[in-house]
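For reference, the structure discussed in these notes is given below.
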Amino acid sequence: MIAGQSSILGVYNFLEENESLPAGQLAARQRHLLRKQLSYARRESPYFANILRHHTVEDLLNSPERWADLPLMDKSVLLENFDVVRTRNDITYPRVHEYLSDRSLADEPFHGSDLLVVSTAGTSGKSGYFVYDQREQAHIRAQYFRFMRAILAGIEPRGPLRSAAIIVTGAHMIGYKMQQHLPPEFFRMIPVLREGRAVTVEETAAELADFNPQILTCFGSTLRMLTEYKEANPDFAWRPLALINTGATLERDVQKRALAAFEGVRIFDLYGSTDTGYIGWTCEHGSMHLNTDCLKIEILDEDGRPAAEGESGSIVLTSLWHRTLPIIRYRLGDLMSVSTERCACGRSLPVVKELLGRENTLLYRRSDTGVSPVPQGVFMEMFETISGVKRFRLVQESLDKVTVSVVPLPGGEPGLAERVAQRVTPVFGAGASVDVHVVDALVPPASGKLLPVERLFDPAAERTGRR
844 MIAGQSSILG
854 VYNFLEENES
864 LPAGQLAARQ
874 RHLLRKQLSY
884 ARRESPYFAN
894 ILRHHTVEDL
904 LNSPERWADL
914 PLMDKSVLLE
924 NFDVVRTRND
934 ITYPRVHEYL
944 SDRSLADEPF
954 HGSDLLVVST
964 AGTSGKSGYF
974 VYDQREQAHI
984 RAQYFRFMRA
994 ILAGIEPRGP
1004 LRSAAIIVTG
1014 AHMIGYKMQQ
1024 HLPPEFFRMI
1034 PVLREGRAVT
1044 VEETAAELAD
1054 FNPQILTCFG
1064 STLRMLTEYK
1074 EANPDFAWRP
1084 LALINTGATL
1094 ERDVQKRALA
1104 AFEGVRIFDL
1114 YGSTDTGYIG
1124 WTCEHGSMHL
1134 NTDCLKIEIL
1144 DEDGRPAAEG
1154 ESGSIVLTSL
1164 WHRTLPIIRY
1174 RLGDLMSVST
1184 ERCACGRSLP
1194 VVKELLGREN
1204 TLLYRRSDTG
1214 VSPVPQGVFM
1224 EMFETISGVK
1234 RFRLVQESLD
1244 KVTVSVVPLP
1254 GGEPGLAERV
1264 AQRVTPVFGA
1274 GASVDVHVVD
1284 ALVPPASGKL
1294 LPVERLFDPA
1304 AERTGRR
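As numbered in my numbering, residues 844 to 1310 make up the sequence shown, in order.
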């Protein structure tokens, strides 16, 4: 059983077995694990003992209506209720907060224990605290190894296989802490910050050329910078076989340019979060599979009801393996749709139809019916067709106020700001204020996750007339 596995190999074998199960058997296995998880959470967590007190586990399993009655949780709810959600007495909020507030302790264990205690970067506007015991850490590693198996099936390694990750180092972040003890001859962490300053793309390129990893994990914004560097420096000697995108949906323009710049490379997506672990991953056939043997995944529409089959909605997750801090009906803040098609690879795990990114990348405009959504894809396609644009960032501060920052191509034509405004303004309507600024560069936050499109207000308040 997944909840009882404590070794990486044990979990890995369990996950591998699940991939070949018929859909009905996989669903039955998920149901069995969910039953155990709900029973555990009610027994061990005061928070969930209260939440579940009016429901039997079987009612929740058998009645979609009863299940939908359970309240959603997110980072804020978890943080506010940390000391009643937790199932261990040695991880109180004050102790965890004190530890995570001291960056100098990033390389030190949590009070001498074997617990993995981490925080999120707060790119959604809120930081979170998460704790994993040894069994849960085994689950995270096993899920990653499942993904790596798919990568190795899709490439032909040359000699010793080296990999690298471009991440924030020396911080209480899961990517750093899970990888800091890997053998340096086969794995290298390349920092995005060094001694408080941003590492230049030239420095990063030099490290890649020196270590020559065949597999690189990085954010999409970092991949864009490396691609631009390769385009400007054709003699850049690094020849990757696989690029793993994490952190945000990869822009189509970046993907096309990276494939052209790094001949023979394949691009894979690894979709996950510090909150819930790995959610989906690209197989060797190019489909993103969902870890439904580790998670119960709901796709909800704007009214909180299950989205129609194949339609996009907000992702809500229930973990089948989190025990230290149980995760039940956790709203991640991302938008996704699930395909009804099976992948040619033969795995029974469902396939993502479209991963739309953060909920706050879905913008809104005034319409005859009130307020209507505008997907970020509208702008991704739009800016591909505006001449002279190298990079852009669009921020919607309110329904009627939009700010666009644009990095021009070298030697571009004058009037770029006016051309951008002419294309963007009609999307939001004549009453909207669209300010366009031509800048030298877009500066990513400390986390490295730079969103090209972002919304800063709550559309629900606009629909109901609240401000």
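Backbone N, C-alpha and C fix where the C-beta goes; we use that ideal spot for every residue, glycine too. Computed from a predicted model, the values in this text were never measured in an experiment.
Member of the options whose CA lies at the smallest distance from the CA of residue i
| i | options | result |
| --- | --- | --- |
| residue 1033 | 1265, 1233, 1012, 1195 | 1012 |
| residue 864 | 1136, 1302, 1248, 1240 | 1136 |
| residue 957 | 1157, 1020, 1047, 1104 | 1020 |
| residue 1188 | 1269, 993, 907, 1232 | 993 |
| residue 1295 | 862, 1022, 1224, 996 | 1224 |
| residue 995 | 1185, 1085, 851 | 1085 |
| residue 1108 | 1099, 1196, 1219, 900 | 1099 |
| residue 1164 | 852, 1023, 1186, 873 | 873 |
| residue 1094 | 1181, 1227, 1077 | 1227 |
| residue 990 | 1258, 1192, 1052, 940 | 1192 |
| residue 1270 | 1253, 1219, 1114 | 1219 |
| residue 890 | 926, 1051, 1018, 955 | 926 |
| residue 970 | 1116, 892, 1262, 1256 | 1116 |
Straight-line Cα distance separating residue j from residue i
| i | j | result |
| --- | --- | --- |
| residue 1112 | residue 1122 | 11 Å |
| residue 967 | residue 1203 | In this prediction, residue 967 has a pLDDT of 49, which is less than 50 and means its spatial position is unreliable; what the coordinates show is noted afterwards. Roughly 8 Å separates the two Cα atoms. |
| residue 1060 | residue 1088 | 6 Å |
| residue 920 | residue 1172 | 11 Å |
| residue 1146 | residue 881 | 25 Å |
| residue 1141 | residue 1031 | 36 Å |
| residue 985 | residue 855 | 5 Å |
| residue 1177 | residue 875 | 27 Å |
| residue 1273 | residue 1264 | 11 Å |
| residue 953 | residue 947 | 12 Å |
| residue 1092 | residue 1041 | 23 Å |
| residue 1068 | residue 981 | 33 Å |
| residue 944 | residue 963 | 12 Å |
| residue 1217 | residue 1240 | 14 Å |
| residue 895 | residue 913 | 8 Å |
| residue 983 | residue 928 | 21 Å |
| residue 1120 | residue 1138 | 9 Å |
| residue 909 | residue 898 | 8 Å |
| residue 850 | residue 1229 | 52 Å |
| residue 1302 | residue 1078 | 48 Å |
| residue 1129 | residue 1043 | 31 Å |
| residue 902 | residue 888 | 19 Å |
| residue 1282 | residue 1233 | 11 Å |
| residue 987 | residue 940 | 28 Å |
| residue 975 | residue 1110 | 29 Å |
Beta carbon of residue i nearer than 8 Å to that of residue j
| i | j | result |
| --- | --- | --- |
| residue 1152 | residue 1183 | yes |
| residue 979 | residue 1167 | yes |
| residue 1155 | residue 1179 | yes |
| residue 1250 | residue 1285 | yes |
| residue 922 | residue 883 | no |
| residue 1277 | residue 1238 | no |
| residue 1268 | residue 1260 | no |
| residue 1080 | residue 1015 | no |
| residue 878 | residue 904 | yes |
| residue 915 | residue 1174 | yes |
| residue 1054 | residue 1008 | no |
| residue 1029 | residue 1073 | no |
| residue 1235 | residue 1247 | yes |
| residue 1195 | residue 1186 | no |
| residue 997 | residue 860 | no |
Assumed close pair residue i, residue j - CB separation to whole angstroms, cut-off 8 Å
| i | j | result |
| --- | --- | --- |
| residue 1131 | residue 1198 | 7 Å |
| residue 1242 | residue 1209 | 6 Å |
| residue 1143 | residue 1101 | Not really, about 33 Å apart at Cβ, beyond 8 Å. |
| residue 1058 | residue 1027 | Residue 1058 to residue 1027, Cβ: 15 Å. No contact. |
| residue 942 | residue 960 | 6 Å |
| residue 1064 | residue 1252 | Actually they do not touch by this definition, with Cβ atoms about 18 Å apart. |
| residue 1056 | residue 1005 | 4 Å |
Residue i beta carbon near the ligand ATP (any heavy atom closer than 7 Å)
| i | result |
| --- | --- |
| residue 1048 | Because no ligand of any kind appears in the structure shown, any question about the ligand ATP cannot be addressed here. |
Buried or exposed by the 16-neighbour rule on C-beta atoms within 10 Å, applied to residue i
| i | result |
| --- | --- |
| residue 1201 | buried |
| residue 1075 | exposed |
| residue 918 | buried |
| residue 1062 | buried |
| residue 1134 | buried |
| residue 1025 | exposed |
| residue 1205 | buried |
| residue 1118 | buried |
| residue 1001 | exposed |
| residue 1297 | buried |
| residue 1150 | buried |
| residue 906 | exposed |
| residue 868 | exposed |
| residue 1169 | buried |
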